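Structure first, then comments.
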Amino acid sequence: MDHFSPNRLTVLSGPSGVGKDAVIEVVRKQAPWIWLSVSVTTRRKRDYEVDGKHYHFATRTEFERYIQEDSLLEWAEFAGNLYGTPRGPVEVRLREGIPTLLKIDLQGARQVRKAMPEAQLVFLAPPSREELRRRLTGRGTEDPDTIRRRLEHADEELAAEKEFDVTIINDYLERAADELVGLLGSPILASRN
Ligand code: ADP
Ligand code: 5GP
């Protein structure tokens with residue numbers, strides 16, 4: 008039987024605008040062996056996003072069907088939109104011993120903690136709340152009302168840091184990405200016989 012390595016699952020969480028996507032982009036370049044789960048969402052696509060790469064964009068009806076079919080490992084409603092992790096692709100990667108990363112919100116991280124207690128939960132923190140506001144506003148992808156909702160939500164997310172196994176402060180992108188790559192490790196192919 009294949010070696011099953013559930014402890015290879017790593018969750019990256021943190022308030023909206025802290026830099027999760029930016030850090031992950033650097034990680035992809037530094038460590039192409041790391042597999043990043045592609046979530047399903049009902050949110051509208053941003054201009055720079057590619058369907059199937061950043062997210063699988065779905066309608067609410069489609070999303071509700073996925074829930075009913077139990078094909079999501081976890082899912083949550085965030086700022087008015089639904090987000091979820093397709094279960095099948097994650098299980099395949101873990102069974103193959105491939106370091107696997109989920110970029111999900113706090114509610115999702117809590118669900119993964121319950122479903123897979125051995126998962127590694129990583130919190131990405133901003134250097135300060137002011138810097139978080141600057142990044143969220145500076146990204147220029149959300150209207151003022153959405154930014155306000157995301158900042159309100161950020162306070163709850165920042166307070167949950169202690170529930171995580173490790174905190175990485177996203178001060179400098181490259182440094183934060185190095186730290187995450189270190190926590191994820193490399194494939195376990197060598198240990199197979
Ligand atoms: P998230 O995915 O957590 O919502 P993003 O990756 O979209 O956040 O980052 C939000 C904004 O902050 C982007 O404009 C991004 O370029 C910027 N940013 C991310 N990390 C850093 C950093 N370490 N230093 C300065 N700006 C950053
Ligand atoms: P955004 O709309 O900025 O891409 O993401 C908003 C929030 O949803 C972020 O905190 C992000 O981590 C979270 N998110 C993205 N995909 C998932 C997912 O599959 N499940 C959960 N629970 N949250 C997700």
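For the sequence shown, our numbering begins at 8 and goes up steadily by one. For every residue, glycine included, the Cβ atom is placed at its ideal position computed from N, Cα and C. Treat the numbers as computed from the prediction; the structure is a model and nothing was measured.
Checklist entry - Looking at LEU102 and the ligand ADP, is the gap between the Cβ and the nearest heavy atom below 8 Å? => result In the sequence shown, the residue the question calls residue 102 occupies position 95. Inspection of the sequence shows that residue 102 is occupied by Arg rather than by Leu. No - the ligand ADP has no heavy atom lying nearer than 8 Å to the Cβ of ARG102.
Next on the checklist: Do GLU168 and PHE130 count as a contact pair if the criterion is CB distance below 9 Å?
Outcome noted: Your numbering for residue 130 matches position 123 in the sequence shown. Your numbering for residue 168 matches position 161 in the sequence shown. It is a contact, given that the beta carbons lie within the stated cut-off.
Item to check | Identified DSSP bridge partners for GLU181 | outcome: Stepping through the sequence shown from its first residue, residue 181 is reached at position 174. Its beta-bridge partners do not exist; DSSP assigns none.
Next on the checklist: Check for me: the beta strand (DSSP E) holding GLY91 runs from which residue to which?
Outcome noted: Taking the first residue of the sequence shown as position 1, residue 91 is located at position 84. Start and end: 88–93.
Next on the checklist: Between LEU109, ASN88, PRO39, which has its C-alpha nearest THR153's C-alpha?
Outcome noted: Numbered from its first residue, the sequence shown carries residue 153 at position 146. Minimum Cα distance to THR153 is reached at ASN88.
Checklist entry - What residue does the alpha helix (DSSP H) around LEU161 start on, and which one ends it? => result The residue given as residue 161 occupies position 154 in the sequence shown. Sequence check: residue 161 is Ala here, not Leu. Segment 151–166, the alpha helix (DSSP H) holding ALA161.
Checklist entry - SER135: buried (16+ other C-beta within 10 angstroms of its C-beta) or exposed? => result Position 128 of the sequence shown, counted from the start, is the residue given in the question as residue 135. By the neighbour-count rule (16 or more Cβ atoms within 10 Å), SER135 is not buried but exposed.
Checklist entry - By a C-beta neighbour count over all protein chains shown, 10 Å radius and 16 as the cutoff for buried, is ASP162 buried or exposed? => result Sequence index remark: in the sequence shown, residue 162 carries index 155 (1-based). Its Cβ having fewer than 16 others within 10 Å, ASP162 is exposed.
Checklist entry - Are there 16 or more other CB atoms within 10 angstroms of the CB of LYS36, so buried, or fewer, so exposed? => result As a first step, residue 36 must be located in the sequence shown, where it is residue number 29. Exposed, since its Cβ has fewer than 16 Cβ neighbours within 10 Å.
Checklist entry - Quick one: does the C-beta of ILE111 sit closer than 8 Å to a heavy atom of the ligand 5GP? => result Residue mapping note: residue 111 aligns to position 104 of the sequence shown, counting from 1. Because some heavy atom of the ligand 5GP lies under 8 Å away, the Cβ of ILE111 counts as near it: yes.
Checklist entry - Is GLN127 closer than 9 Å to LEU16 when the C-beta atoms are compared? => result Translated into positions along the sequence shown, residue 16 becomes position 9. Translated into positions along the sequence shown, residue 127 becomes position 120. Result yes, Cβ atoms of LEU16 and GLN127 sit closer than 9 Å.
Item to check | Test item, CB below 5 Å from any non-hydrogen atom of the ligand ADP | outcome: SER23, GLY24, VAL25, GLY26, LYS27, ASP28, ALA29, ARG142, ARG146, ASN177, LEU180
Next on the checklist: Please report the distance separating the alpha-carbon of LEU187 from that of VAL34.
Outcome noted: As a working note, residue 187 is residue 180 in the sequence shown. As a working note, residue 34 is residue 27 in the sequence shown. If you take the alpha carbons of LEU187 and VAL34, they lie about 8 Å apart.
Checklist entry - By a C-beta neighbour count over all protein chains shown, 10 Å radius and 16 as the cutoff for buried, is ASP112 buried or exposed? => result Residue numbering aside, residue 112 sits at position 105 when the sequence shown is read from its first letter. Answer is buried; the Cβ neighbour count reaches 16.
Item to check | Residues near ASP58 by beta carbon distance below 8 Å, same chain, minus five either side | outcome: Residue numbering aside, residue 58 sits at position 51 when the sequence shown is read from its first letter. Contacts found: LYS52, PHE64.
Checklist entry - Mind pulling the beta strand (DSSP E) runs of 3 or more residues that sit fully within the segment 119–143? => result 127–132
Checklist entry - Who are SER20's beta bridge partners in DSSP? => result Translated into positions along the sequence shown, residue 20 becomes position 13. Paired residues: PHE130.
Next on the checklist: I need the DSSP call for ILE31, collapsed to helix, strand or coil.
Outcome noted: For the purposes of this step, residue 31 is taken as the residue at position 24 of the sequence shown. In this structure, ILE31 counts as helix in the three-state DSSP scheme.
Item to check | For ILE175, the residue or residues it bridges with in DSSP | outcome: The residue given as residue 175 occupies position 168 in the sequence shown. According to DSSP, which records beta bridges pairwise, ILE175 is partnered with LEU131.
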